[in-house]
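Beneath this line is the structure, given in structure tokens, with notes to follow.
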Amino acid sequence: MKRLLILVLFFSWSSATMAQYKGQFRAQYGNDIGFERVLFGMNFSAEYFFVDKISFSPNVSILFPATGKASNLHLDARYYFTEEKAQWYGLLGFGNFRRRYEFNPEVAFRNWQTLNVGGGLLYKLIDELGVNGELKFQPQNNGELIVKIGLTYFIN
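Heads up: the sequence shown is residues -19 to -1, 1 to 137, going by mature numbering (1 follows the signal peptide of the UniProt record, and there is no 0).
Listed below in structure tokens is the structure:
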């Protein structure tokens, strides 16, 4: 009974205001694909609004190449243009792509730093849950276009 009461209090607390205001926190799971390197992966991210309409969103992608290992770390700042059910935003940030190769003695490890420029749409399905689509362009290293689709949970 105590656990049920705690769950009810948690969900009622988490369904407070959903506009982009200072102190709001969101968590996200998504899948992304890069079209230059043709790598598909899982993406885990968080988002924190340190001022109204502007957030910091660190996220990491665990990618699945045919051989070896790969990951992508993004540190992005987002600016939200709208506050309705459909929330459009632009982003600017830093990316770090890491790739470990197997069966290639000449190139065992690669690490690229890049700029992230893009935007996205966060569409609220219900007060606690939304769908997020994002396009991110990385101009360095032949220009990588990353498309991400994910689910967002509004924590507060």
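Glycine included, every Cβ here is placed at the ideal spot set by N, Cα and C. A quick note: this is a predicted structure, and the numbers were derived from the prediction, not measured.
C-alpha gap between residue i and residue j, whole angstroms
{"i": "Phe25", "j": "Gly124", "result": "23 Å"}
{"i": "Phe16", "j": "Ser36", "result": "26 Å"}
{"i": "Asn77", "j": "Phe62", "result": "27 Å"}
{"i": "Trp69", "j": "Leu126", "result": "19 Å"}
{"i": "Asp114", "j": "Asn92", "result": "It should be pointed out that residue 114 corresponds to Gly in this sequence rather than to Asp. When rounded, the distance between both Cα atoms is 26 Å."}
{"i": "Glu87", "j": "Ala27", "result": "37 Å"}
{"i": "Leu(-11)", "j": "Ala47", "result": "Note that Leu(-11) has pLDDT 37, beneath the 50 cutoff, so the model's placement of it is unreliable and no number is given."}
{"i": "Phe90", "j": "Phe84", "result": "11 Å"}
{"i": "Asp13", "j": "Gly71", "result": "18 Å"}
{"i": "residue 154", "j": "Gln94", "result": "Any question about residue 154 goes unanswered here, given that the chain covers just -19 to 137."}
Cutoff 6 Å; reference residue i; Cβ partners in own chain excluding five residues on either side
{"i": "Lys105", "result": "Lys66, Gly111"}
{"i": "Leu56", "result": "Pro39, Gly74, Phe75"}
{"i": "Leu54", "result": "Val41, Asn77"}
Environment of residue i [buried if 16+ CB atoms lie within 10 Å]
{"i": "Leu73", "result": "exposed"}
{"i": "residue 151", "result": "A query on residue 151 cannot be resolved here, the shown segment of the chain reaching from -19 to 137 and no further."}
{"i": "Arg80", "result": "buried"}
{"i": "Gly22", "result": "buried"}
{"i": "Leu132", "result": "exposed"}
Same chain only: Cβ atoms within 8 Å of residue i, ignoring 5 sequence neighbours per side
{"i": "Val32", "result": "Lys3"}
{"i": "Tyr82", "result": "Thr48, Gly49, Val88, Ala89, Phe90, Arg91"}
{"i": "Phe118", "result": "Asn97, Val98, Gly99, Gly124, Glu125, Leu126, Ile127"}
{"i": "Ala58", "result": "Ile35, Ser36, Phe37, Ser38, Leu72, Leu73, Gly74"}
Top-ranked residue by Cα proximity to residue i, from the options
{"i": "Ser38", "options": "Ser52, Met23, Phe30", "result": "Phe30"}
{"i": "Gln121", "options": "Leu96, Gly100, Leu103, Gln5", "result": "Leu96"}
{"i": "Asn20", "options": "Lys34, Glu28, Ala51, Gln5", "result": "In the sequence under discussion, the amino acid at residue 20 is Leu, which differs from the Asn named in the question. Out of Lys34, Glu28, Ala51, Gln5, Ala51 has the C-alpha closest to the C-alpha of Leu20."}
{"i": "residue 143", "options": "Leu103, Gly49, Glu83, Val98", "result": "Examination of residue 143 is not possible in this model, given that the chain is present from -19 through 137 alone."}
Spatial neighbours of residue i in its chain, beta-carbon cut-off 7 Å, leaving aside the 5 residues before and after
{"i": "residue 140", "result": "As displayed, the chain neither begins before -19 nor continues past 137, which places residue 140 out of reach and without an answer."}
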